[in-house]
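Have a look at the structure below before the remarks.
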Amino acid sequence: MICLQDCFTGVSKNATFMVANLRAAFCRYLTVTILVLGVVATTSVKSNTVVVENAAVSSRSMLASEAGVEAMRNGGNAVDAAVSTAFTLAVTYPSAGNLGGGGFAVIRMPDGKVFTNDHRERAPKNATRDMFLDEAGEYVAERALRSHLASGVPGSVAGLLAIHERFGVLSRESVVAPAIELAREGFELPADIARQFSSRHEWFQHIDSTRKVFYKEDGSFYQAGELFKQPDLAATLSRVSEQGRDGFYKGETADLIEAEMSRGGGLISKSDLEAYESVWREPIHGRYRGYDIHSMPPPSSGGVLVVQLLNMLEPFELGELGFHTAPSMHLMIEAERRAYADRALHLGDPDFYPVPLDTLLSKRYARSRIENIGATATTSDDVDAGSIPKEPFETTHFSVIDADGMAVAFTTTINGGYGSGIIVEGAGFLLNNEMDDFSAKPGTPNMFGLIGGEANAIEPGKRMLSSMTPTIVSKGNRFILITGSPGGSTIITTTLQVILNVIDHGFELEEAVNAPRFHHQWRPNSVRFEAGIEQDVIDELSAMGHTDLNRLPERFAIGDANSILKFRGSITTTSDGRNEGGAVGF
Ligand code: GLY
């Protein structure tokens, strides 16, 4: 191993103090501040961690986690639990749980075999390369994010049914049942979701189908604790339960989607829906300090980048350099700069573009990429490509493990919070705005400030590049870490930090998840730090040549890494303390 200690004259004297400080600060109860479209509300939430012996789920919604655990108590396995959790999230966490979006599942069998299911949305067959450009050739964000054109062909239902059919042991009806009941009978609306509905009034009030679902008949807001029912969504879920994929991709639901599209000038047709299939893909596999890393391959960039980043960082003694010291953070930022530059050029849907996977994943390539990392910062480019979005990046990740050690890392999204904002009239679910994840105009950043090129240009039937990084890290069956996150471009660096915090810094899972995070993505040439990172360290990074260093206000969080760690027979499940959530097990 290379030890860079000597290269750095400015090793933080504060490192030890900081780690101690951090351990004290991130204890079981956290105060987090949640930003919802400019409305700031401070809430005390439990940093939810449970240690159990058999099986566990960690997700953004307590009701969804409970549905998953119930499936396993009833004799189901981790896949039954994941499917039940995902359908329930579509009801209880509408900003990112979904039927109208897409996602990825990484599934590890007790014998160590790993499978991945790609149910990412696809561009409709009538999509065109320049559909989000105006006559002057300029990118029109409103069209790519908040119109009927913003939606790709949804993949979630196909993917969930495919993984259930292949690996589940319970009936389809029983895994969908909790979601149907919660949609039909209603549930007490949590305070954070009630706030999300009311703070989005300016947006939703203009969309009839959406206003009818998220506000009461007289137009007033639901209050926290009031019963929230979604009868149209219950009917759609019932069709899926009874008819399988035909209950969504054909018949009444398909009719409703097509009618919504023709009302709003969208492109998704019944033939697009009928043609949609999820894809089983070869997982990304890497090795890091003796651990196996399994993650999602393209069309996600997540797995490739996490392995590439770990390969670049492996030669350095991060543990010795210390947690959140300027030298260790410098190395991470420099590695991120290189990996995200590769993302922009080389990554896209492998069914349409020859992604150079072997090279990107090789340790030799990683070595060549870090050759010019020294004691001071390199620069990304002269041109900062875009501004940093201020809204929370939605998408949601959950983790599951069962008593046999079958593990599922599952990340799902409708892209932005509440997707396009358009609920399919009569079907009760939101449409995604995932088309913005294509590079609509090479060199122009999308909502995450990410830039892309030819590899990720819009083509009919193509899947847009993602950053979702559902990941399982294992060492035989003695150590199984299941993690991932929402957060657009920050998903990858969040996942990386959870892994490094556990492996290199030896943190307990709860501490690894709740530790403050930072993020860099090549362009813009800036680094964002959560508020918990000490200003002294940021000043040291500045002295090393890093520029545009932004310490985020308290209320801005990076990621929501609902994770599970099985280690020496005991299972720790933790829902990220930055948000409400549910870590449940038995
Ligand atoms: N829509 C966020 C992602 O897939 O990366």
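Numbering follows the working numbering, in which position 367 of the sequence shown is assigned residue number 367; successive positions increment by one, without gaps. By construction, the Cβ of each residue, glycine as well, lies at the ideal position given by its N, Cα and C atoms.
Buried/exposed call for residue i, threshold 16 Cβ in 10 Å
{"i": "N98", "result": "buried"}
{"i": "K441", "result": "buried"}
{"i": "D560", "result": "buried"}
{"i": "T88", "result": "buried"}
{"i": "C27", "result": "Since pLDDT at C27 reaches only 28, below the 50 mark, its modelled position is unreliable, and the value read off the structure follows with that caveat. Result: exposed."}
{"i": "D111", "result": "exposed"}
{"i": "K46", "result": "Legend: pLDDT at K46 = 38, less than 50; position of this residue unreliable, no value from coordinates given."}
{"i": "V57", "result": "buried"}
{"i": "D130", "result": "exposed"}
{"i": "A673", "result": "The shown model of the chain, from 1 to 586, leaves out residue 673, and the question about it has no answer."}
{"i": "S209", "result": "buried"}
{"i": "G290", "result": "exposed"}
{"i": "V52", "result": "buried"}
{"i": "H206", "result": "exposed"}
{"i": "P524", "result": "buried"}
{"i": "F586", "result": "exposed"}
Among the options, nearest to residue i - alpha-carbon criterion
{"i": "T598", "options": "A440, F479, H201 and S65", "result": "Past the boundaries of the shown model lies residue 598; the chain is included only from 1 to 586, so the question cannot be answered."}
{"i": "Y418", "options": "E394, L305, V513 and N477", "result": "E394"}
{"i": "N54", "options": "G103, L565, V91 and D576", "result": "L565"}
{"i": "T493", "options": "T469, K475 and I482", "result": "T469"}
{"i": "A457", "options": "S278, D436 and R60", "result": "D436"}
{"i": "T396", "options": "A56, V52, T49 and S61", "result": "S61"}
{"i": "V114", "options": "I533, N126 and G405", "result": "G405"}
{"i": "D272", "options": "K229, N77, S209 and V153", "result": "V153"}
{"i": "T376", "options": "V176, V140 and H546", "result": "H546"}
{"i": "L481", "options": "E371, P190, A90 and T573", "result": "T573"}
{"i": "A127", "options": "S151, I558 and V106", "result": "S151"}
{"i": "K125", "options": "R551, L267 and G569", "result": "L267"}
{"i": "S95", "options": "D536, A531 and P486", "result": "P486"}
{"i": "F518", "options": "A259, S269 and I533", "result": "I533"}
{"i": "T413", "options": "G159, R73 and V51", "result": "G159"}
{"i": "E226", "options": "F187, N525, F214 and D80", "result": "F187"}
{"i": "E540", "options": "E530, M329 and A583", "result": "M329"}
{"i": "S570", "options": "I491, R478, M544 and F167", "result": "R478"}
{"i": "G488", "options": "Y222, Q521 and E173", "result": "Q521"}
{"i": "V307", "options": "V473, E138, A407 and D536", "result": "V473"}
{"i": "Q243", "options": "S439, E173, F529 and F132", "result": "E173"}
{"i": "F104", "options": "K212, V408 and G68", "result": "V408"}
{"i": "I284", "options": "Q535, V106 and P553", "result": "V106"}
Residue i - containing alpha helix (DSSP H), residue span
{"i": "S238", "result": "P231 to Q243"}
{"i": "T490", "result": "T490 to I503"}
{"i": "L360", "result": "L357 to L361"}
{"i": "T88", "result": "A78 to T92"}
{"i": "Y340", "result": "A326 to H346"}
{"i": "A179", "result": "R172 to E185"}
{"i": "R166", "result": "S156 to F167"}
{"i": "A64", "result": "M62 to R73"}
{"i": "S220", "result": "Note, S220: premise wrong, no alpha helix (DSSP H); not H, not E."}
{"i": "N311", "result": "G302 to L313"}
Residue i Cβ short of 7 Å to the ligand GLY heavy atom set
{"i": "S526", "result": "no"}
{"i": "D349", "result": "no"}
{"i": "S147", "result": "no"}
{"i": "N477", "result": "no"}
{"i": "I657", "result": "In the structure displayed, the chain extends from 1 to 586; residue 657 sits before or after that span and is not available."}
{"i": "T395", "result": "yes"}
{"i": "S61", "result": "no"}
{"i": "T413", "result": "yes"}
{"i": "G488", "result": "yes"}
{"i": "E434", "result": "yes"}
{"i": "M468", "result": "yes"}
{"i": "I538", "result": "no"}
{"i": "D437", "result": "yes"}
{"i": "I587", "result": "It is not possible to answer for residue 587, since the shown part of the chain is limited to 1 through 586."}
Residue range of the beta strand (DSSP E) that includes residue i
{"i": "T573", "result": "S570 to T574"}
{"i": "D436", "result": "First-last for D436: undefined, no H or E at that position."}
{"i": "H201", "result": "H201 -> not in any beta strand (DSSP E); alpha helix (DSSP H) instead, spanning H201 to F204."}
{"i": "D351", "result": "No beta strand (DSSP E) holds D351; DSSP gives it neither H nor E."}
{"i": "N54", "result": "Taken as a continuous stretch (DSSP letters only), N54 belongs to no beta strand (DSSP E), as it is neither H nor E."}
Short CB-CB distance (under 8 Å) between residue i and chain D
{"i": "S84", "result": "Although the question refers to chain D, the structure presented lacks it and comprises just one protein chain."}
> Do the stretch 427–434 and the stretch 232–251 touch if we need at least three Cβ pairs shorter than 8 Å?
Replying inline: With a cut-off of 8 Å, the stretch 232–251 and the stretch 427–434 count as touching, because enough Cβ pairs lie within range.
> Counting Cβ pairs, one atom from each stretch, are 3 or more of them under 8 Å apart for the stretch 276–294 and the stretch 191–202?
Replying inline: No, they do not touch.
>> Does the structure place the stretch 287–297 close enough to the stretch 102–118 that three or more beta carbon pairs sit under 8 Å?
In response: Cβ pair count under 8 Å is three or more, so yes.
> Three or more beta-carbon pairs under 8 Å between the stretch 363–370 and the stretch 306–315, yes or no?
Replying inline: By the Cβ rule, the stretch 363–370 counts as touching the stretch 306–315, because three or more pairs are nearer than 8 Å.
>> Within 8 Å, do at least three Cβ pairs link the stretch 346–361 to the stretch 329–338?
In response: Because the criterion of three Cβ pairs below 8 Å is not met, the stretch 329–338 and the stretch 346–361 do not touch.
>> Check whether the stretch 462–479 and the stretch 495–508 are in contact - that is, three or more C-beta pairs closer than 8 Å.
In response: The stretch 462–479 makes contact with the stretch 495–508; the number of CB pairs closer than 8 Å reaches 3 or more.
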